[in-house]
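Chemist: So the sequence shown is numbered by our numbering: it starts at 1 and just counts up by one. Note that beta-carbon positions come from the ideal geometry of N, C-alpha and C, so glycine has one too. Values in this document were obtained by computation on a predicted structure and should not be read as measured data.
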Amino acid sequence: MDKILVQGGRKLKGEVRVSGSKNAALPILASALLCDGANTYTNVPMLRDIKSTLELLSHLGVRCEKQEHAVQVDASTLNNHDAPYDLVRKMRASILVLGPLLARLKKARVSLPGGCAIGARPINLHLKGLVSLGADIKLDHGYVEASCDRLKGADIYFDMVTVTGTENLMMAAVLAEGRTVLHNAAREPEIVALANALNQMGANITGAGTSEISIEGVESLKPIALDIIPDRIETGTIMTAAALTNGDVTILGAQPEHVQSIIDKLRLAGAQIDIYNDETIRIQGREIIKSVDLKTLPYPGFPTDMQAQFMVLMSVAKGSCLISETIFENRFIHVSELRRMGADITVSGNVALIKGVSTLSGAPVMATDLRASACLVLAGLVAENTTEVNRVYHLDRGYESLELKLESLGAAIQRVKG
Ligand code: EPU
Numbered sequence: 001m002d003k004i005l006v007q008g009g010r011k012l013k014g015e016v017r018v019s020g021s022k023n024a025a026l027p028i029l030a031s032a033l034l035c036d037g038a039n040t041y042t043n044v045p046m047l048r049d050i051k052s053t054l055e056l057l058s059h060l061g062v063r064c065e066k067q068e069h070a071v072q073v074d075a076s077t078l079n080n081h082d083a084p085y086d087l088v089r090k091m092r093a094s095i096l097v098l099g100p101l102l103a104r105l106k107k108a109r110v111s112l113p114g115g116c117a118i119g120a121r122p123i124n125l126h127l128k129g130l131v132s133l134g135a136d137i138k139l140d141h142g143y144v145e146a147s148c149d150r151l152k153g154a155d156i157y158f159d160m161v162t163v164t165g166t167e168n169l170m171m172a173a174v175l176a177e178g179r180t181v182l183h184n185a186a187r188e189p190e191i192v193a194l195a196n197a198l199n200q201m202g203a204n205i206t207g208a209g210t211s212e213i214s215i216e217g218v219e220s221l222k223p224i225a226l227d228i229i230p231d232r233i234e235t236g237t238i239m240t241a242a243a244l245t246n247g248d249v250t251i252l253g254a255q256p257e258h259v260q261s262i263i264d265k266l267r268l269a270g271a272q273i274d275i276y277n278d279e280t281i282r283i284q285g286r287e288i289i290k291s292v293d294l295k296t297l298p299y300p301g302f303p304t305d306m307q308a309q310f311m312v313l314m315s316v317a318k319g320s321c322l323i324s325e326t327i328f329e330n331r332f333i334h335v336s337e338l339r340r341m342g343a344d345i346t347v348s349g350n351v352a353l354i355k356g357v358s359t360l361s362g363a364p365v366m367a368t369d370l371r372a373s374a375c376l377v378l379a380g381l382v383a384e385n386t387t388e389v390n391r392v393y394h395l396d397r398g399y400e401s402l403e404l405k406l407e408s409l410g411a412a413i414q415r416v417k418g
């Protein structure tokens, strides 16, 4: 397995372009199941999770072609409604085929994704919503077996905010008969990106980006050409790396309005951030990083997907702070590895107390979650000596060539093939 070696102590400087958003691309690729004809997507990040999605779509009979960052997906040949365990277990977001398969084929058999390193992550709200739309759902031998006549619009109330749950229901409802209203819907930019894609295909969705989304069902959809929005978590990760190393980095191709909560916290931590235009952000670090309390929340709150990276910054800040994780029950798996690097962090329930230390020390580390792996790479950037980040497999699920981007900014970082 590959590993990444980071020699700490270099300030990041220069310009870097962010990739397309993983969490926007995944549901949009699944939405191609909803129509006949070739959909063309550009600015698709080249990641393991994208590869896994294309493998799953191919398994369903869909024609997928990939050229660099452009992907063509044509579901005219869709002939299978079965998403097997072997494909779903690689990536939880595979559950995103459930809504479109039901809408299109009136049946779906999808392996239950199961928990993962960061929490139990049930899909009860996806299933409850589909039942409200008229689906018959059984759980059998680890599989969701769903069938329906044409789905019928309904009012759906989410007990908690769920991103992929909102996306699944939106995709199921676009071809349903009549009107569906999703109450307490997720408001993430990825939801808006999916709604825009579906509307371009001919759907009638209003309210995406608010907590009430209304979907007027249509008879059929048509294929589209679409550019994937920039990745706000990659943007936030690089901004944090710049602040951490007291660097001066300009990020190109970003969407500043999607990272406002991250910018706000980084400014409070002392960084200077200038937004030059719709897609350019400059971040300049400061010698002294200030401690800032933080609580993860659904959008537009601070994203859970940035919590681990921000914790590294706080580990070397002046003073103490509290970080509360409110989205996932077990998203502090990076803490024990950061402690091994000399961080002073105490966890009690879903709250971490971080007392800033003057320096971290390089060590061999590993993590079992994507964002935790990114946090360890960032820790390596400021640690003394060499940090060896193992199980880079997780990083490759969600960051496109992070080490090359950091290297282009002056980091002493390299991947060792294994
Ligand atoms: N939840 C339920 N029941 C459900 C659905 C969710 O109890 O039916 C709970 C979850 O267990 C969790 C909370 O609701 O405690 C929120 O989970 P959500 O459903 O919003 O998460 P998700 O849709 O599975 C997406 C992203 C995650 C990101 C979360 C939160 C994708 C493909 N994944 O997951 O991204 O952390 O929203 O913003 O969009 C990542 O990229 O590293 C990642 C984990």
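So what does DSSP say about HIS183, is it helix, strand or coil?
Modeler: Three-state result, HIS183: strand.
Chemist: Determine the extent of the alpha helix (DSSP H) in which ILE263 is found, giving its start and end residues.
Modeler: That run of the alpha helix (DSSP H) goes 260 to 268.
Chemist: Looking at the unbroken alpha helix (DSSP H) that takes in MET314, where does it start and where does it end?
Modeler: Residues 307 to 315.
Chemist: For the beta strand (DSSP E) that GLU55 lies in, which residues bound it at each end?
Modeler: Looking at the DSSP string, GLU55 is not in any beta strand (DSSP E); the run it does join, the alpha helix (DSSP H), is 48 to 59.
Chemist: Find out if the Cβ-Cβ distance for the pair GLN309, THR240 is shorter than 7 Å.
Modeler: Yes, they are a contact pair.
Chemist: Name the two residues that bound the continuous beta strand (DSSP E) containing LYS66.
Modeler: Per DSSP, LYS66 belongs to the beta strand (DSSP E) from 63 to 67.
Chemist: Counting beta carbon pairs with one atom in the stretch 136 to 145 and one in the stretch 92 to 109, are three or more of them shorter than 8 Å?
Modeler: Cβ pair count under 8 Å is three or more, so yes.
Chemist: I believe VAL218 touches ALA208 by the beta-carbon criterion, under 8 Å. Please report the beta-carbon distance rounded to the nearest angstrom.
Modeler: VAL218 to ALA208, Cβ: 16 Å. No contact.
Chemist: Taking the straight line between their C-alpha atoms, what separation do you get for VAL377 and LEU402?
Modeler: The straight-line gap from Cα to Cα measures roughly 9 Å.
Chemist: Report all residues from its chain with a CB closer than 6 Å to the CB of ARG150; omit the five preceding and five following residues, and keep chain order.
Modeler: For ARG150, where only same-chain residues beyond five positions count, the Cβ hits under 6 Å are GLU177.
Chemist: With DSSP collapsed to three states, give me the class of LEU353.
Modeler: It is a strand residue.
Chemist: Is GLY165 near the ligand EPU, with its Cβ less than 6 Å from a heavy atom?
Modeler: Checking every heavy atom of the ligand EPU against the Cβ of GLY165, one is found closer than 6 Å.
Chemist: Quick one, which of LEU169, LEU12, TYR399 and PRO298 has its alpha-carbon nearest MET46's?
Modeler: The residue with the shortest Cα to Cα distance from MET46 is TYR399.
Chemist: Short check: CB of ILE123 to CB of ALA173, under 7 Å?
Modeler: Result no, Cβ atoms of ILE123 and ALA173 do not sit closer than 7 Å.
Chemist: Check whether the Cβ atoms of VAL88 and TYR41 sit closer than 7 Å, and answer yes or no.
Modeler: In this structure, TYR41 does not lie closer than 7 Å to VAL88 by Cβ.
Chemist: How far does the beta strand (DSSP E) with ASP2 in it reach, from first residue to last?
Modeler: Counting along the chain, ASP2 falls outside any beta strand (DSSP E), and DSSP gives it neither H nor E.
Chemist: Measure from the alpha carbon of ILE260 to the alpha carbon of each residue in ARG371, ASP82 and THR235, then state which is nearest.
Modeler: The sequence as given places Gln at residue 260; Ile does not occur at that position. It is THR235.
Chemist: Please determine, among SER358, VAL382, PRO27 and GLN7, the residue with the shortest C-alpha to C-alpha distance to MET170.
Modeler: When only C-alpha atoms are compared, the closest one is PRO27.
Chemist: Quick one: is the Cβ of ASN43 within less than 6 Å of any heavy atom of the ligand EPU?
Modeler: Incorrect: ASN43 has no Cβ contact closer than 6 Å to the ligand EPU.
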